[in-house]
Amino acid sequence: MSLYTFPTRPPYPIITCCVSPSPSLAPTIPSPPPSILPPTTTATAVPLLTCALQCPHFQSCSGCTHEFNLHRPIIVEEATDFFKSLGVSDFTFDSCRLWGWRCRAKLAVRGSIDNPLIGLYQEGTHNVVDIPQCKAHHPNINAAVEILRQGIRELNIEPYNEDQGTGDLRYIQMAVTTYNTALPAAERYRNGRVQVALVWNSRNEKSSNSDKLNALAKFLWRNGGPRSNLYLIHSVWANFQTSTNNIIFGNRWRHLLGERDFWEHVGGIDMSLDPSSFGQANTRAFDNLLRKLHKYVPYAASVADLYAGAGVIGLSLAATKKCRSVKCIEINKESRPSFEKTVDRLPNSILGSISWHNADTSIDPLSWLVGSDVIVVDPPRKGLDTSLIDALRTISSQKVKPSLKSSSSNIKEEKRPWVLREREHAKEASVQVGRETISADARSLPETLIYISCGWESFKEDCKSLLTSKSWHLEKAHGFNFFPGTQSIEVLAVFKRNLKKKKTGKKKKKQA
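Per UniProt numbering, residue 1 is the first one in the sequence shown, and the count goes up by one each step.
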């Protein structure tokens, strides 16, 4: 996992920019204040000159790639033209916070005890750039990093040395939760609390340097916990990693102090996320995307959520659209506990079938598509797996006969041993909530595909591949400013399947 994360600036109101031919027509607002995030959530347009990064680390840090016009990266123009060429002329682009948007950060810890460097790698190197005033981070991430820096110095915690494989602390993950029902909604973002995960250079908690780990955790809790003057630490976790490769986390996690469960409210539901689970860095922008996505899913639909992670998208749809069934498919088994905790908080009024499956989407993808009205895909930056693309491209040619069997059965009897093994594993590792849906349409084919993409180049290739198959057409497209200060945008694209026209069966009358 790379540490090229995307920073930007700490305070400001939510903005909404709809793409138009003349982006310069925007009202003016004052420049952002230096550090504290205001509670406002009012939608406002932003002028070009006031949307500057103003970050002291820009020249050396690899996180941000441009300083100006954060509300409208250059790639938006390309996206507008791309979608227009495909018949979608009403592409929109929405921004939330331009500074202080990052609620999840993975940072390397290098340097020395007296001068610890906590930040990102310099472009093209493994030299860490210290970023104490990062303008992308939620301000409480920066504050928690400073407490950590103080603890490293006072407790003689040795930063990791990559060349020698020595040291105590390799990386940290900081994740902010704004879930706090004790505060008014307008104050929750400003007062977010930080879950700190310490990636420790040892095999487990019984290693020789475990005393240092516990001392550092207690230092963080004493100086940032509920009894401190500045209560900003939610919890402290440890991850144990001794590998010499670029993978940040090891497989062993341990909860040390604070609250065990980490909650956030997005897409109309309370979401649980363990530190080992994938979580979106820009919480506010992700919430906006989910609410937009809801508009394209019919009430009581059957949904398959592929690359589902902890199932946030699928569960959000289950709660807000009262789906008949929701299947979440995810390859990372560590996401299961978070899924189960989130399900436990769903409203009792949900009567549909909900399931989570630990499976590889690339193996026998058609088995996950059959029986669903809507397919939601949220792949990694590389895009969709080739086998899934192929299944979607040829879906209109599949011969599907009505059946009362479960939707997990395939079009024809499966005999390939590796596919059968994957199915058996997915079944054993699955979670079923409510009764499994068995109906006459259990072998129907999806008519809507919703593609959420964080990789623009891979999305363009996948999009062209889907459209050239003639099985799908593009109906809507929206962009979201998930990473201000970069040339990355999040795309929500809605495809509809091209259905064959049914023959009327009427015969022409013979002329006398």
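Each residue gets a CB set at the ideal place from its N, CA and C atoms; glycine is no exception.
These figures come from a predicted structure and were not determined experimentally.
In angstroms, rounded to a whole number, what distance separates the CA positions of residue i and residue j?
| i | j | result |
| --- | --- | --- |
| THR486 | PRO275 | 25 Å |
| LYS496 | GLY279 | 28 Å |
| ARG188 | THR181 | 8 Å |
| GLY151 | PHE249 | 22 Å |
| GLU461 | HIS357 | 28 Å |
| CYS328 | TYR307 | 8 Å |
| LEU366 | LYS464 | 20 Å |
| SER202 | TRP237 | 14 Å |
| CYS64 | SER488 | 10 Å |
| LEU256 | SER235 | 8 Å |
| LYS333 | THR50 | 44 Å |
| LYS500 | GLY371 | 18 Å |
| ASN498 | LYS470 | 7 Å |
| THR92 | GLU154 | 50 Å |
| GLN133 | ASP90 | 38 Å |
| ALA281 | TRP101 | 8 Å |
| SER85 | TRP368 | 31 Å |
| GLN164 | ALA185 | 48 Å |
| THR361 | ALA319 | 24 Å |
| ALA359 | PRO417 | 15 Å |
| CYS96 | SER207 | 44 Å |
Leaving aside the five residues before and after residue i along the sequence, list all residues of the same chain whose C-beta is less than 6 Å from its C-beta, in chain order.
| i | result |
| --- | --- |
| ARG345 | ASP270 |
| GLU490 | CYS454, PHE480 and PHE482 |
| ILE313 | ASP305 and VAL376 |
| LEU449 | ILE375 and PHE495 |
| PHE459 | SER453 and VAL491 |
| ILE131 | HIS57, CYS61 and GLY119 |
Look up residue i in the DSSP assignment and give the residues it is bridged to.
| i | result |
| --- | --- |
| GLY111 | PRO116 |
| LYS476 | VAL494 |
| CYS51 | Looking at the DSSP assignment, CYS51 forms no beta bridge with any residue, so it has no partner. |
| ILE172 | LEU107 and LEU198 |
| CYS96 | Note: CYS96 sits in no beta bridge, so no partner. |
| TRP221 | None; TRP221 has no bridge partner. |
| THR450 | One detail in the question is off: residue 450 reads as Ile in this sequence, not Thr. For ILE450, which the question treats as bridged, DSSP gives the partners VAL376 and VAL494. |
| LYS327 | ALA304 and SER355 |
| ARG102 | HIS137 |
| ILE247 | DSSP output for ILE247 lists no bridge partner at all. |
| VAL431 | TRP356 |
Tell me whether residue i sits in a helix, a strand or coil according to DSSP, three-state version.
| i | result |
| --- | --- |
| GLN122 | coil |
| ALA26 | Confidence in ALA26 is poor, its pLDDT being 35 and thus under 50, which makes the residue's placement too unreliable to answer from. |
| LEU256 | strand |
| CYS463 | helix |
| HIS294 | helix |
| VAL303 | strand |
| ILE152 | helix |
| ALA185 | helix |
| THR283 | helix |
| THR386 | helix |
| residue 548 | This structure cannot settle anything about residue 548, because the visible part of the chain is limited to 1 through 512. |
| PRO159 | strand |
| PHE68 | coil |
| PHE240 | strand |
| GLU264 | strand |
| THR177 | strand |
| LEU499 | coil |
| SER316 | helix |
| residue 514 | Any question about residue 514 goes unanswered here, given that the chain covers just 1 to 512. |
| ASP360 | coil |
| ASP270 | strand |
| ASP90 | coil |
| ILE233 | strand |
| THR166 | strand |
| VAL128 | strand |
Indicate whether at least one CB of chain D lies closer than 8 Å to the CB of residue i.
| i | result |
| --- | --- |
| ASP81 | Given the protein chain composition of this structure (a single chain), no chain D is represented. |
Apart from the five residues on each side of it in sequence, which residues of its chain come closer than 7 Å, Cβ to Cβ, to residue i?
| i | result |
| --- | --- |
| SER112 | PRO159 |
| PRO337 | ASP274 |
| HIS126 | GLU162 |
| SER62 | TYR4, LEU120, TYR121, GLN122 and GLU123 |
| GLU475 | VAL494, PHE495 and LYS496 |
| GLN432 | SER355 |
Tell me, to the nearest whole angstrom, how far the beta carbon of residue i is from that of residue j; I am working on the premise that it is less than 8 Å.
| i | j | result |
| --- | --- | --- |
| TYR451 | ALA391 | With 8 Å as the limit, TYR451 and ALA391 do not qualify as a contact, their Cβ atoms being about 14 Å apart. |
| SER302 | SER325 | 5 Å |
| ALA136 | GLY119 | At roughly 11 Å, the Cβ-Cβ gap does not stay under 8 Å, so ALA136 and GLY119 are not in contact. |
| ASN161 | VAL199 | 14 Å between Cβ atoms; not a contact. |
| GLY311 | THR342 | 7 Å |
| GLN241 | ARG149 | Not a contact, Cβ separation roughly 21 Å. |
| ILE141 | MET174 | 5 Å |
| VAL194 | ILE233 | 6 Å |
Starting from the C-beta of residue i, find all residues in its chain whose C-beta is less than 8 Å away, skip the five residues before and the five after it, and write them out in chain order.
| i | result |
| --- | --- |
| SER243 | GLY250 |
| residue 588 | As displayed, the chain neither begins before 1 nor continues past 512, which places residue 588 out of reach and without an answer. |
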